[in-house]
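Heads up: the structure comes next, in C-alpha coordinates.
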Amino acid sequence: MELHIAKNTQELSENLAAWISNYIQEVLQDQDIFTFVLSGGSTPKSLYHLLAKEPYSKMIPWERIHFFWGDERAVPFEDDRNNARMAFETLLEVVNVPKENIHVMRTDIKPEESAAAYEEILLEYFKDSDTTFDLVLLGMGDDGHTLSLFPGLPIVQEKKAWVSAFWLQAQDMYRITLTAPVVNQAACVVFMATGSGKAITLKNVIEGTFDAEKFPSQLIRPQDGELHWFVDEAAASALEM
(Lines of atoms letter the chains of each structure in order from A and count residues from 1; the text may use other names and numbers.)
(Lines give C-alpha, C1' and ligand atoms only; values in the text may rest on other atoms or scores of the structure.)
Protein backbone atom coordinates (compact mmCIF):
# COMPACT_ATOMS: atom_id res chain seq x y z
CA MET A 1 0.00 0.00 0.00
CA GLU A 2 1.26 3.46 -0.91
CA LEU A 3 0.03 6.58 0.89
CA HIS A 4 -0.11 9.98 -0.84
CA ILE A 5 -0.88 12.97 1.42
CA ALA A 6 -1.86 16.39 0.08
CA LYS A 7 -2.40 19.65 1.93
CA ASN A 8 -6.05 19.97 0.95
CA THR A 9 -8.74 18.58 -1.35
CA GLN A 10 -7.71 20.72 -4.31
CA GLU A 11 -4.07 19.68 -4.13
CA LEU A 12 -5.16 16.06 -3.72
CA SER A 13 -7.27 16.26 -6.88
CA GLU A 14 -4.46 17.92 -8.81
CA ASN A 15 -1.94 15.30 -7.70
CA LEU A 16 -4.29 12.43 -8.50
CA ALA A 17 -5.23 13.83 -11.91
CA ALA A 18 -1.54 13.93 -12.87
CA TRP A 19 -0.98 10.44 -11.45
CA ILE A 20 -3.95 8.95 -13.33
CA SER A 21 -2.92 10.58 -16.59
CA ASN A 22 0.61 9.19 -16.31
CA TYR A 23 -0.66 5.75 -15.32
CA ILE A 24 -3.12 5.53 -18.23
CA GLN A 25 -0.49 6.53 -20.77
CA GLU A 26 2.00 4.05 -19.30
CA VAL A 27 -0.44 1.12 -19.40
CA LEU A 28 -1.59 1.93 -22.94
CA GLN A 29 1.96 1.53 -24.20
CA ASP A 30 1.48 -2.22 -23.76
CA GLN A 31 -2.21 -2.78 -24.54
CA ASP A 32 -5.01 -1.44 -26.74
CA ILE A 33 -7.62 -0.40 -24.16
CA PHE A 34 -7.70 0.78 -20.56
CA THR A 35 -10.53 -0.19 -18.19
CA PHE A 36 -11.40 2.42 -15.59
CA VAL A 37 -13.95 2.09 -12.76
CA LEU A 38 -15.39 5.44 -11.68
CA SER A 39 -16.55 6.34 -8.19
CA GLY A 40 -19.69 8.25 -7.28
CA GLY A 41 -20.24 10.65 -4.41
CA SER A 42 -18.99 14.20 -4.01
CA THR A 43 -15.27 13.55 -3.44
CA PRO A 44 -14.24 12.78 -7.05
CA LYS A 45 -16.15 15.67 -8.67
CA SER A 46 -13.19 18.06 -8.62
CA LEU A 47 -10.96 15.28 -9.97
CA TYR A 48 -13.31 14.68 -12.91
CA HIS A 49 -13.46 18.41 -13.64
CA LEU A 50 -9.65 18.53 -13.76
CA LEU A 51 -9.38 15.50 -16.04
CA ALA A 52 -11.88 17.13 -18.41
CA LYS A 53 -9.65 20.19 -18.84
CA GLU A 54 -6.31 20.75 -20.51
CA PRO A 55 -3.73 19.39 -20.34
CA TYR A 56 -5.43 16.06 -19.48
CA SER A 57 -8.27 16.42 -21.96
CA LYS A 58 -5.60 16.44 -24.69
CA MET A 59 -3.02 14.10 -23.15
CA ILE A 60 -5.32 11.19 -22.34
CA PRO A 61 -6.50 9.05 -25.30
CA TRP A 62 -10.15 8.96 -24.20
CA GLU A 63 -11.24 6.87 -27.17
CA ARG A 64 -9.17 3.97 -25.80
CA ILE A 65 -10.62 4.05 -22.27
CA HIS A 66 -13.61 1.91 -21.30
CA PHE A 67 -15.54 3.17 -18.29
CA PHE A 68 -17.36 1.22 -15.60
CA TRP A 69 -18.89 2.07 -12.22
CA GLY A 70 -18.17 0.75 -8.76
CA ASP A 71 -21.74 1.07 -7.57
CA GLU A 72 -25.02 2.77 -8.34
CA ARG A 73 -28.14 3.91 -6.59
CA ALA A 74 -31.18 2.34 -8.25
CA VAL A 75 -32.68 5.69 -9.24
CA PRO A 76 -33.32 7.04 -12.75
CA PHE A 77 -30.43 8.55 -14.70
CA GLU A 78 -32.20 11.92 -14.43
CA ASP A 79 -32.03 11.79 -10.63
CA ASP A 80 -29.28 13.92 -9.05
CA ARG A 81 -28.30 10.96 -6.87
CA ASN A 82 -27.38 8.84 -9.90
CA ASN A 83 -23.61 8.22 -9.96
CA ALA A 84 -23.45 7.80 -13.73
CA ARG A 85 -25.16 11.13 -14.32
CA MET A 86 -22.55 12.96 -12.25
CA ALA A 87 -19.71 11.36 -14.23
CA PHE A 88 -21.36 12.14 -17.56
CA GLU A 89 -21.86 15.79 -16.67
CA THR A 90 -18.42 16.41 -15.20
CA LEU A 91 -16.23 14.23 -17.45
CA LEU A 92 -17.55 11.82 -20.05
CA GLU A 93 -19.66 14.23 -22.10
CA VAL A 94 -16.99 16.93 -21.85
CA VAL A 95 -14.20 14.83 -23.36
CA ASN A 96 -16.53 13.05 -25.79
CA VAL A 97 -15.93 9.46 -24.73
CA PRO A 98 -17.44 7.08 -27.36
CA LYS A 99 -20.80 5.75 -26.18
CA GLU A 100 -19.75 2.17 -26.80
CA ASN A 101 -16.93 2.65 -24.25
CA ILE A 102 -19.32 3.56 -21.41
CA HIS A 103 -20.89 0.80 -19.36
CA VAL A 104 -23.42 2.11 -16.85
CA MET A 105 -25.21 0.03 -14.26
CA ARG A 106 -28.74 0.11 -15.65
CA THR A 107 -31.48 1.52 -13.44
CA ASP A 108 -34.31 1.11 -15.95
CA ILE A 109 -34.66 -2.59 -15.14
CA LYS A 110 -34.96 -4.52 -11.87
CA PRO A 111 -31.84 -4.17 -9.70
CA GLU A 112 -31.19 -7.92 -9.66
CA GLU A 113 -31.43 -8.02 -13.47
CA SER A 114 -29.08 -5.05 -13.71
CA ALA A 115 -26.50 -6.76 -11.50
CA ALA A 116 -26.68 -9.98 -13.54
CA ALA A 117 -26.34 -8.06 -16.83
CA TYR A 118 -23.34 -6.11 -15.51
CA GLU A 119 -21.61 -9.26 -14.38
CA GLU A 120 -22.06 -10.70 -17.87
CA ILE A 121 -20.36 -7.64 -19.37
CA LEU A 122 -17.43 -7.99 -16.97
CA LEU A 123 -17.04 -11.72 -17.59
CA GLU A 124 -16.90 -11.03 -21.33
CA TYR A 125 -14.28 -8.29 -20.88
CA PHE A 126 -12.00 -10.23 -18.58
CA LYS A 127 -12.53 -13.85 -19.62
CA ASP A 128 -9.02 -14.11 -21.06
CA SER A 129 -7.22 -12.11 -18.37
CA ASP A 130 -5.67 -12.91 -15.01
CA THR A 131 -6.69 -9.46 -13.79
CA THR A 132 -9.85 -7.40 -14.10
CA PHE A 133 -9.82 -3.59 -14.27
CA ASP A 134 -6.73 -1.53 -14.97
CA LEU A 135 -7.84 1.09 -12.44
CA VAL A 136 -10.56 1.18 -9.79
CA LEU A 137 -11.27 4.54 -8.16
CA LEU A 138 -12.94 4.27 -4.76
CA GLY A 139 -14.12 6.52 -1.97
CA MET A 140 -14.57 5.74 1.71
CA GLY A 141 -17.48 6.81 3.86
CA ASP A 142 -17.19 8.10 7.40
CA ASP A 143 -18.45 4.66 8.51
CA GLY A 144 -15.70 2.82 6.60
CA HIS A 145 -17.85 1.62 3.72
CA THR A 146 -16.67 1.61 0.12
CA LEU A 147 -18.65 0.84 -3.02
CA SER A 148 -22.02 -0.25 -1.54
CA LEU A 149 -20.29 -2.52 0.97
CA PHE A 150 -21.82 -1.19 4.17
CA PRO A 151 -20.86 -2.32 7.70
CA GLY A 152 -22.70 -5.33 9.00
CA LEU A 153 -24.57 -6.20 5.79
CA PRO A 154 -24.43 -9.63 4.07
CA ILE A 155 -22.85 -8.10 0.95
CA VAL A 156 -19.61 -7.72 2.94
CA GLN A 157 -19.33 -11.52 3.04
CA GLU A 158 -19.73 -12.04 -0.72
CA LYS A 159 -17.01 -14.35 -2.01
CA LYS A 160 -18.07 -15.35 -5.55
CA ALA A 161 -20.37 -12.92 -7.35
CA TRP A 162 -18.71 -9.96 -9.06
CA VAL A 163 -21.82 -7.77 -9.00
CA SER A 164 -24.74 -7.76 -6.60
CA ALA A 165 -27.93 -5.83 -5.85
CA PHE A 166 -29.67 -5.46 -2.51
CA TRP A 167 -32.19 -3.33 -0.65
CA LEU A 168 -30.56 -0.81 1.69
CA GLN A 169 -33.13 -0.08 4.36
CA ALA A 170 -31.22 2.89 5.79
CA GLN A 171 -31.51 4.72 2.46
CA ASP A 172 -34.86 3.28 1.40
CA MET A 173 -33.49 2.20 -1.98
CA TYR A 174 -31.79 -0.59 -3.88
CA ARG A 175 -28.06 -0.45 -4.48
CA ILE A 176 -26.11 -2.18 -7.27
CA THR A 177 -22.45 -2.76 -6.55
CA LEU A 178 -19.22 -4.42 -7.52
CA THR A 179 -17.99 -6.78 -4.83
CA ALA A 180 -14.63 -7.24 -3.17
CA PRO A 181 -13.70 -10.34 -5.24
CA VAL A 182 -13.77 -8.52 -8.62
CA VAL A 183 -12.05 -5.39 -7.29
CA ASN A 184 -9.30 -7.40 -5.64
CA GLN A 185 -8.40 -8.86 -9.05
CA ALA A 186 -7.77 -5.36 -10.45
CA ALA A 187 -4.32 -4.21 -11.53
CA CYS A 188 -4.58 -1.03 -9.46
CA VAL A 189 -6.97 0.39 -6.86
CA VAL A 190 -6.97 4.02 -5.72
CA PHE A 191 -8.88 5.32 -2.69
CA MET A 192 -9.68 9.00 -2.19
CA ALA A 193 -10.45 10.23 1.32
CA THR A 194 -10.74 13.81 2.53
CA GLY A 195 -11.74 15.69 5.65
CA SER A 196 -11.24 15.36 9.39
CA GLY A 197 -14.51 13.44 9.70
CA LYS A 198 -12.77 10.43 8.18
CA ALA A 199 -9.56 10.63 10.21
CA ILE A 200 -10.36 8.03 12.87
CA THR A 201 -11.97 5.69 10.35
CA LEU A 202 -8.97 5.98 8.04
CA LYS A 203 -6.65 5.16 10.94
CA ASN A 204 -8.70 2.05 11.73
CA VAL A 205 -8.83 0.93 8.09
CA ILE A 206 -5.11 1.36 7.41
CA GLU A 207 -3.49 0.74 10.81
CA GLY A 208 -6.13 -1.09 12.82
CA THR A 209 -6.96 -4.74 13.36
CA PHE A 210 -8.73 -6.36 10.42
CA ASP A 211 -12.49 -6.14 11.02
CA ALA A 212 -14.28 -5.96 7.66
CA GLU A 213 -17.70 -6.25 9.27
CA LYS A 214 -17.05 -2.90 10.92
CA PHE A 215 -14.79 -1.33 8.27
CA PRO A 216 -15.58 -2.86 4.84
CA SER A 217 -12.90 -0.77 3.12
CA GLN A 218 -10.41 -3.21 4.66
CA LEU A 219 -11.76 -5.85 2.26
CA ILE A 220 -10.06 -4.11 -0.65
CA ARG A 221 -6.65 -5.74 -0.84
CA PRO A 222 -5.60 -6.37 -4.46
CA GLN A 223 -4.21 -9.87 -4.84
CA ASP A 224 -1.45 -8.99 -7.28
CA GLY A 225 -2.15 -5.33 -7.99
CA GLU A 226 -1.28 -1.96 -6.50
CA LEU A 227 -3.19 -0.18 -3.72
CA HIS A 228 -2.91 3.59 -3.32
CA TRP A 229 -4.53 5.95 -0.82
CA PHE A 230 -4.75 9.61 -1.86
CA VAL A 231 -5.77 11.61 1.21
CA ASP A 232 -5.57 15.17 2.50
CA GLU A 233 -3.86 16.22 5.72
CA ALA A 234 -7.16 16.41 7.58
CA ALA A 235 -8.07 12.81 6.77
CA ALA A 236 -4.51 11.68 7.59
CA SER A 237 -4.34 13.57 10.91
CA ALA A 238 -4.82 10.49 13.12
CA LEU A 239 -2.33 8.27 11.31
CA GLU A 240 0.94 7.33 12.99
CA MET A 241 3.65 8.55 10.63
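Under the numbering used here, the first residue of the sequence shown carries the number -17, and numbering increases by one thereafter. Even glycine gets a Cβ: it sits at the ideal position worked out from N, Cα and C. Because the structure is a prediction, the values reported are computed rather than measured.
Once DSSP output is grouped into helix, strand and coil, what is the label at residue i?
| i | result |
| --- | --- |
| Met68 | helix |
| Ala147 | strand |
| Val19 | strand |
| Met41 | helix |
| Glu60 | coil |
| Ala98 | helix |
| Ala175 | strand |
| Val118 | strand |
| Ile103 | helix |
| Leu137 | Contrary to the premise, residue 137 reads as Ile rather than Leu in this sequence. Residue state, collapsed to three classes: helix. |
| Val164 | helix |
| Phe108 | helix |
| Leu74 | helix |
| Ala152 | helix |
| Ser219 | coil |
| Gln13 | coil |
Starting from residue i, follow its DSSP beta bridges and name the residues at the other end.
| i | result |
| --- | --- |
| Glu208 | Cys170 |
| Glu51 | Sequence check: residue 51 is Trp here, not Glu. DSSP output for Trp51 lists Leu20 as bridge partner(s). |
| Ile84 | Phe49 |
| Val213 | Ile(-13) and Ala175 |
Using the beta-carbon count (16 or more within 10 Å), is residue i buried or exposed?
| i | result |
| --- | --- |
| Trp44 | buried |
| Ala97 | buried |
| Glu102 | exposed |
| Phe192 | exposed |
| Glu106 | exposed |
| Met155 | exposed |
| Glu54 | buried |
| Met174 | buried |
| Gln167 | buried |
| Ser24 | exposed |
| Met(-17) | exposed |
| Leu200 | The amino acid at residue 200 is misidentified as Leu; the sequence shows Gln. By the neighbour-count rule (16 or more Cβ atoms within 10 Å), Gln200 is buried. |
| Met68 | buried |
Taking the continuous alpha helix (DSSP H) assigned at residue i, which residues delimit it?
| i | result |
| --- | --- |
| Glu189 | Ala181 to Glu189 |
| Ser127 | Sequence check: residue 127 is His here, not Ser. Element bounds for His127: n/a, residue is neither H nor E. |
| Ile6 | Thr(-9) to Val9 |
| His31 | Lys27 to Leu33 |
I'd like the span of the beta strand (DSSP E) that includes residue i, first residue to last.
| i | result |
| --- | --- |
| Ala(-12) | Glu(-16) to Ala(-12) |
| Thr159 | Met155 to Leu160 |
Should residue i be flagged as near chain B, meaning a C-beta pair shorter than 8 angstroms?
| i | result |
| --- | --- |
| Gly207 | Absent from the structure: chain B. Only one protein chain is present. |
The stretch 112 to 132 in contact with the stretch 59 to 66 per 3-pair CB rule at 8 angstroms: no
With contact counted as at least three CB pairs below 8 angstroms, one residue from each stretch, are the stretch 75 to 93 and the stretch 4 to 14 in contact? no
Is the stretch 120 to 128 touching the stretch 144 to 152 in the sense that three or more CB pairs, one from each, lie closer than 8 angstroms? no
The stretch -3 to 4 / the stretch 96 to 112 touching (three or more Cβ pairs under 8 angstroms): no
Given 8 angstroms, three or more beta-carbon pairs between the stretch 53 to 60 and the stretch 106 to 113: no
Three Cβ pairs or more, each shorter than 8 angstroms: is that satisfied between the stretch 132 to 146 and the stretch 31 to 48? no
Tell me whether the stretch 84 to 91 and the stretch -16 to -7 touch, counting them as touching only if at least three CB pairs, one residue from each stretch, are closer than 8 angstroms. no
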